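*Asks:* In the working numbering, the protein residues as written are 12 to 411.
Heads up, the beta-carbon is just placed ideally off N, CA and C, and yes, glycines get one too.
Note that the coordinates shown come from a computational prediction; the quantities given were computed from them, not determined experimentally.
1. Roughly how many angstroms lie between the CA atoms of residue 45 and residue 306, to the nearest whole one?
2. Which partner residues of residue 51 appear in the DSSP bridge assignment?
3. Among 238, 372, 216, which one has its Cα closest to the Cα of residue 287?
4. Distance, Cα to Cα, residue 155 vs residue 256?
5. Measure the Cβ-Cβ separation of residue 298 and residue 346 and say whether it is below 7 Å.
6. Check whether the Cβ atoms of residue 29 and residue 175 sit closer than 7 Å, and answer yes or no.
7. Does the beta-carbon distance from residue 282 to residue 308 come in below 7 Å?
8. Once the 5 residues before and after residue 164 are set aside, which same chain residues still bring their CB inside 7 Å of it?
9. Can you tell me which residues form a DSSP beta bridge with residue 138?
10. If I measure Cβ to Cβ from residue 50 and keep anything under 8 Å in the same chain, skipping five residues before and after, which residues do I get?
11. Under DSSP, the alpha helix (DSSP H) around residue 198 begins and ends at which residues?
12. Report the partner residues of residue 337 according to the DSSP bridge assignment.
13. From residue 27 to residue 119, what does the alpha carbon distance come to, in whole angstroms?
14. Rounding to the nearest angstrom, what Cα-Cα distance links residue 79 and residue 111 in this structure?
15. Would you check if the distance between the CB atom of residue 320 and the CB atom of residue 379 is smaller than 7 Å?
16. Give me, in chain order, the residues of the same chain whose beta-carbon lies closer than 7 Å to that of residue 244; leave out the 5 immediate sequence neighbours on both sides.
17. In the DSSP assignment, find the unbroken alpha helix (DSSP H) run with residue 263 in it and report its ends.
18. Less than 7 Å separating the beta-carbons of residue 324 and residue 195?
19. Give me the DSSP bridge partner(s) of residue 31.
20. Taking the continuous beta strand (DSSP E) assigned at residue 160, which residues delimit it?
21. I need the boundaries of the alpha helix (DSSP H) containing residue 89, first residue and last residue.
22. Report the CB separation of residue 152 from residue 63 in whole angstroms; it is logged as a contact under 8 Å.
23. So, is residue 12 buried or exposed, given that buried needs 16 or more other C-beta atoms within 10 angstroms?
24. Taking the alpha carbon of residue 39 as the point to measure from, which residue in 227, 210, 140, 148 has its own alpha carbon closest?
25. May I ask which residues mark the beginning and end of the alpha helix (DSSP H) holding residue 60?
26. CA-CA distance, residue 213 and residue 85?
27. Taking contact to mean at least 3 C-beta pairs separated by less than 8 Å, is the stretch 197-206 in contact with the stretch 124-133?
28. Relative to the alpha-carbon of residue 497, which residue among 161, 65, 116, 349 has its alpha-carbon at the smallest distance?
29. Quick one: grab the DSSP three-state call for residue 280.
30. From residue 107 to residue 132, what does the alpha carbon distance come to, in whole angstroms?
31. CA-CA distance, residue 61 and residue 192?
32. Give every residue of the same chain whose Cβ lies closer than 7 Å to the Cβ of residue 167, excluding the five residues on either side of it in the sequence, and list them in chain order.
33. Return the bridge partner residues of residue 118 from the DSSP annotation.
34. In angstroms with no decimal places, state the Cα-to-Cα distance between residue 31 and residue 178.
35. Taking the alpha-carbon positions, what's the residue 366 to residue 162 distance?
36. Between which two residues does the beta strand (DSSP E) carrying residue 227 extend?
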């Protein structure tokens with residue numbers, strides 16, 4: 012009985028965000044804002060590309076939102092400078108503590124806008140409208156907000172859960188195949204953490220560009236959303252079981268950083284899953300057949316399972332910067348078989364074994380990475396200049 016009371020108290024203090032998956036959700040979003048954030052000033056932070064590709068959706072939403080709503084269209088750059096630019100735009104427009112943010116875009120945009128919400132006037136509410144498969148199945152849920160820095164991904168950020176997540180399937184229609192594969196990498200990760208049946212569902216989705224609107228994809232998204240929300244509900248600040256959601260990311264983030272972000276996040280997660288599952292197999296935590304199933308599904312989804320060559324010292328140094336590392340040593344998510352995420356959730360491994368597992372997954376025809384770290388500075392400056400030059404167009408007050 013006490014456990015039930017404790018759970019109820021926790022739910023009251025940290026209510027789960029509303030999750031809505033469907034089609035044509037612009038009016039639903041507007042209704043939520045009207046009912047939940049009555050009297051608040053609304054900033055709609057939208058990815059520039061999304062604003063162009065889904066202009067009708069954005070326009071319909073703006074038309075249904077309260078008078079005085081401000082649209083801020085930006086490139087999806089998770090940087091200090093871009094965060095500052097958004098904050099300055101909101102301050103110039105007169106936003107205060109009685110404000111709220113609607114973030115429309117992929118994972119990079121929602122990470123960025125969520126971090127703005129977490130710190131603006133010491134925290135204002137926000138909701139997300141993910142527009143990529145990756146954001147729907149992973150990035151938009153759980154309240155992790157952050158920016159990237161030269162030293163690594165997501166190292167500056169905050170936990171700030173959105174009030175709601177509106178996953179509109181219609182917004183996936185314009186995604187290129189590579190973006191769909193990115194999302195499937197995170198979905199495959201979730202399947203390894205939860206159940207083999209989901210892996211088989213994903214394996215059956217051969218042509219993603221054709222099947223994206225199918226009930227099968229919708230089932231995969233729903234499972235991933237529900238699974239992540241359940242995990243996060245018990246461990247919002249990632250002090251316990253929530254770390255399992257980082258499966259594949261110790262290696263994946265290292266490759267992403269060392270390549271200067273030349274590879275997509277989904278590709279890096281897939282490569283990380285390949286290496287880290289080999290490590291788990293050699294440590295006796297998963298069976299060879301389980302890893303083979305994982306690799307076959309990754310391959311069927313068009314994702315890489317072989318990794319680029321990289322200097323040992325650079326790989327180890329990058330992994331040491333991972334947020335899961337302890338006392339300068341890399342740690343990895345531990346599975347005790349597919350779908351079994353019992354404690355301990357993190358394990359270390361001998362440096363030699365880690366390097367051997369990585370080398371055994373290196374593609375024979377892959378060039379060695381130069382190990383230069385890119386902070387995105389040149390592209391960021393160019394994008395910021397475009398934003399400033401087009402300020403009157405990008406920062407528009409919408410009056411209904």
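*Replies:* Put simply:
1. In the chain shown, residue 45 corresponds to position 34, counting from 1. In the chain shown, residue 306 corresponds to position 295, counting from 1. Residue 45 and residue 306 have their alpha carbons spaced roughly 46 Å apart.
2. Translated into positions along the chain shown, residue 51 becomes position 40. In the DSSP assignment, no residue is bridged to residue 51.
3. For the purposes of this step, residue 287 is taken as residue 276 along the chain shown, with counting starting at 1. Its Cα nearest to that of residue 287, the residue 372 stands out among 238, 372, 216.
4. Taking the first residue of the chain shown as 1, we reach residue 155 at position 144. Taking the first residue of the chain shown as 1, we reach residue 256 at position 245. Near 12 Å, if we compare the C-alpha coordinates of residue 256 and residue 155.
5. Working through the chain shown from its first residue, we reach residue 298 at position 287. Working through the chain shown from its first residue, we reach residue 346 at position 335. It is not a contact, given that the beta carbons lie outside the stated cut-off.
6. Start at 1 with the first residue of the chain shown, and residue 29 comes out as number 18. Start at 1 with the first residue of the chain shown, and residue 175 comes out as number 164. The Cβ-Cβ distance between residue 29 and residue 175 falls below 7 Å.
7. Residue numbering aside, residue 282 sits at position 271 when the chain shown is read from its first letter. Residue numbering aside, residue 308 sits at position 297 when the chain shown is read from its first letter. No.
8. The count along the chain shown starts at 1 and reaches residue 164 at position 153. By the criterion of a C-beta distance shorter than 7 Å, residue 164 is surrounded in its chain by 264, 267, 268, once the five residues flanking it on both sides are discounted.
9. Within the chain shown, the letter at position 127 stands for residue 138. DSSP, once it has assigned bridges, lists 113, 175 as partnering residue 138.
10. Against the chain shown, residue 50 aligns to sequence position 39. 109, listed in sequence order.
11. Position 187 of the chain shown holds residue 198. 188-205 is the extent of the alpha helix (DSSP H) around residue 198.
12. The residue labelled residue 337 in the question sits at position 326 within the chain shown. Note: residue 337 sits in a beta bridge opposite 340.
13. Translated into the one-based positions of the chain shown, residue 27 becomes position 16. Translated into the one-based positions of the chain shown, residue 119 becomes position 108. Taking the straight line from one Cα to the other gives about 22 Å.
14. To locate residue 79, count along the chain shown from 1; it is residue 68. To locate residue 111, count along the chain shown from 1; it is residue 100. Looking at the two C-alpha atoms, the distance is approximately 12 Å.
15. Taking the chain shown and counting its residues from 1, one reaches residue 320 at position 309. Taking the chain shown and counting its residues from 1, one reaches residue 379 at position 368. Contact check for residue 320 against residue 379 passes: the beta carbons are separated by less than 7 Å.
16. Numbered from its first residue, the chain shown carries residue 244 at position 233. Closer than 7 Å at Cβ, skipping near neighbours: 27.
17. As a position in the chain shown, residue 263 is number 252, starting the count at 1. It spans 260-269 - the alpha helix (DSSP H) in which residue 263 sits, taken as one unbroken run.
18. In the chain shown, the residue the question calls residue 324 occupies position 313. In the chain shown, the residue the question calls residue 195 occupies position 184. Contact flag unset, no.
19. On the chain shown, position 20 is the one that residue 31 refers to. Per DSSP, 177.
20. The residue you call residue 160 lines up with position 149 of the chain shown. 155-160 is the span of the beta strand (DSSP E), which, as asked, contains residue 160.
21. By one-based count along the chain shown, residue 89 stands at place 78. No residue range can be given for residue 89, since it is assigned to no alpha helix (DSSP H) and is classified by DSSP as neither H nor E.
22. On the chain shown, residue 152 is found 141 positions in, with the first residue counted as 1. On the chain shown, residue 63 is found 52 positions in, with the first residue counted as 1. Taking a contact as a CB-CB distance under 8 Å, the pair residue 152 and residue 63 does not count as one, their CB atoms being some 26 Å apart.
23. As a working note, residue 12 is residue 1 in the chain shown. Bear in mind that the predicted position of residue 12 carries a pLDDT of just 42, short of 50, making it unreliable; the figure below should be weighed with that in mind. Exposed, since its Cβ has fewer than 16 Cβ neighbours within 10 Å.
24. Locating residue 39 in the chain shown gives position 28, counting from the first residue. Closest option to residue 39, Cα to Cα, is 140.
25. Locating residue 60 in the chain shown gives position 49, where the first residue counts as 1. Residues 59-64.
26. Locating residue 213 in the chain shown gives position 202, counting from the first residue. Locating residue 85 in the chain shown gives position 74, counting from the first residue. For residue 213 and residue 85, the distance between alpha carbons rounds to 33 Å.
27. Contact between the stretch 197-206 and the stretch 124-133 is absent, because fewer than three Cβ pairs lie under 8 Å.
28. Beyond the ends of the chain as shown, which are 12 and 411, falls residue 497; an answer cannot be given.
29. As a working note, residue 280 is residue 269 in the chain shown. In this structure, DSSP gives residue 280 a helical state, which the three-state scheme calls helix.
30. As a first step, residue 107 is located in the chain shown; it is residue number 96 there, counting from the start. As a first step, residue 132 is located in the chain shown; it is residue number 121 there, counting from the start. Going from the Cα of residue 107 to the Cα of residue 132 covers about 7 Å.
31. Indexing the chain shown from 1 puts residue 61 at position 50. Indexing the chain shown from 1 puts residue 192 at position 181. Rounded to the nearest whole angstrom, the CA to CA distance from residue 61 to residue 192 is 18 Å.
32. Here residue 167 is taken as the residue at index 156 of the chain shown, counted from 1. Excluding residues within five positions, the ones whose Cβ falls inside 7 Å are 157, 158, 160.
33. Position 107 of the chain shown, counted from the first residue, corresponds to residue 118. DSSP output for residue 118 lists no bridge partner at all.
34. Taking the first residue of the chain shown as 1, we reach residue 31 at position 20. Taking the first residue of the chain shown as 1, we reach residue 178 at position 167. Answer to the nearest angstrom: the Cα atoms are 6 Å apart.
35. In the chain shown, residue 366 corresponds to position 355, counting from 1. In the chain shown, residue 162 corresponds to position 151, counting from 1. Their Cα atoms are separated by approximately 21 Å.
36. The residue given as residue 227 occupies position 216 in the chain shown. Per DSSP, residue 227 belongs to no beta strand (DSSP E); it is in the alpha helix (DSSP H), 226-244.
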